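Read through the structure below, which is laid out as structure tokens, and then see the notes.
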């Protein structure tokens, strides 16, 4: 009888009222060319502040001719709260006791990549960021978030990737018209 009570108590104690996993909301890969073969590659990703953050440790660079690839360690450049709330309003990134239960944090990491495989011009940079939230209702629930960027190093001028001007925030109010513009800038 005593064992049954202990198992019941253990079961009750280890149940989660709100259980969350690492929930990547989105990501982008950008790059800045340093010289003919050297690039600084940036991985920018957005995580639900209600989850447990797992950080990707590397980015993969792959030659599109021959399939050769390398993994490069990422260095964290930090993170900050990008939750779209009114000034002075608290969100889940600041405190779990806030009345507004949502929050998104932007993380940035970089790696110095040498893309030198003979005459190969075309490369991809890619990263895997873990499983998406199971609450997503658009078909990607529980699936891994993989992101990839294409680069051609044989363009005559310096080749930098386009950069988004705004974070891809998707918290919107019900019954309110919302317009999105994820403007991009591309500089040589």
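Numbering (the numbering used here), first residue to last: 170 to 357.
Glycine residues also receive a C-beta, built at the ideal position from the N, C-alpha and C atoms.
Note that the structure is predicted; figures quoted are calculated from it, not measured.
Just the C-alpha distance for residue 190 and residue 309, rounded to the nearest angstrom, thanks. Reading the chain shown from its first residue, position 21 is the one you call residue 190. Reading the chain shown from its first residue, position 140 is the one you call residue 309. In this predicted model, residue 190 has a pLDDT of only 34, less than 50, meaning its place in the structure is not dependable enough to derive any value.
Name the residue from 253, 301, 289, 245 whose alpha carbon lies nearest to the alpha carbon of residue 205. Position 36 of the chain shown, counted from the start, is the residue given in the question as residue 205. For the residues 253, 301, 289, 245, the minimum Cα distance to residue 205 belongs to 289.
Decide if residue 194 is buried, meaning its Cβ has at least 16 other Cβ atoms within 10 Å, or exposed. Position 25 of the chain shown, counted from the start, is the residue given in the question as residue 194. It is buried - the Cβ of residue 194 has at least 16 other Cβ atoms within 10 Å.
Tell me whether residue 294 sits in a helix, a strand or coil according to DSSP, three-state version. Sequence index remark: in the chain shown, residue 294 carries index 125 (1-based). Here residue 294 sits in strand by DSSP.
Any beta strand (DSSP E) of 3 or more consecutive residues that is wholly inside the stretch 197–250: 207–217, 227–232, 238–242, 244–250
Taking Cβ positions, are residue 334 and residue 318 nearer each other than 9 Å? Stepping through the chain shown from its first residue, residue 334 is reached at position 165. Stepping through the chain shown from its first residue, residue 318 is reached at position 149. The answer is no: Cβ separation not under 9 Å.
Between 296, 286, 251, 230, which lies nearest to residue 275 when the distance is taken from Cα to Cα? Here residue 275 refers to the residue found at position 106 of the chain shown. Among 296, 286, 251, 230, the Cα nearest to that of residue 275 is on 251.
Report back the beta-carbon spacing between residue 292 and residue 201 to the nearest angstrom; my notes put them in contact at under 8 Å. Translated into positions along the chain shown, residue 292 becomes position 123. Translated into positions along the chain shown, residue 201 becomes position 32. At roughly 14 Å, the Cβ-Cβ gap does not stay under 8 Å, so residue 292 and residue 201 are not in contact.
Quick test of the definition: if touching needs 3 or more C-beta pairs under 8 Å, does the stretch 226–242 touch the stretch 251–263? no
Cβ-based neighbour list, residue 321, same chain, cut-off 6 Å, excluding 5 preceding and 5 following: Position 152 of the chain shown, counted from the first residue, corresponds to residue 321. Here the set comprises 290, 291.
Sequence-distant residues of the same chain with beta carbon closer than 7 Å to residue 336, five excluded per side: Numbered from 1 along the chain shown, position 167 holds the residue referred to as residue 336. 215, 251, 275.
Less than 9 Å between the beta carbons of residue 277 and residue 242, yes or no? As a first step, residue 277 is located in the chain shown; it is residue number 108 there, counting from the start. As a first step, residue 242 is located in the chain shown; it is residue number 73 there, counting from the start. Going by C-beta atoms, residue 277 is not nearer than 9 Å to residue 242.
Is DSSP giving residue 279 helix, strand or coil here? The residue given as residue 279 occupies position 110 in the chain shown. Reduced to three states, the DSSP call for residue 279 is strand.
What are the boundary residues of the beta strand (DSSP E) that residue 321 is part of? Here residue 321 is taken as the residue at index 152 of the chain shown, counted from 1. Note, residue 321: beta strand (DSSP E), 313–321.
Cβ atoms of residue 198 and residue 295: under 9 Å apart, would you say? As a working mapping, residue 295 is identified with position 126 in the chain shown. As a working mapping, residue 198 is identified with position 29 in the chain shown. Yes, Cβ-Cβ distance for residue 295 and residue 198 is below 9 Å.
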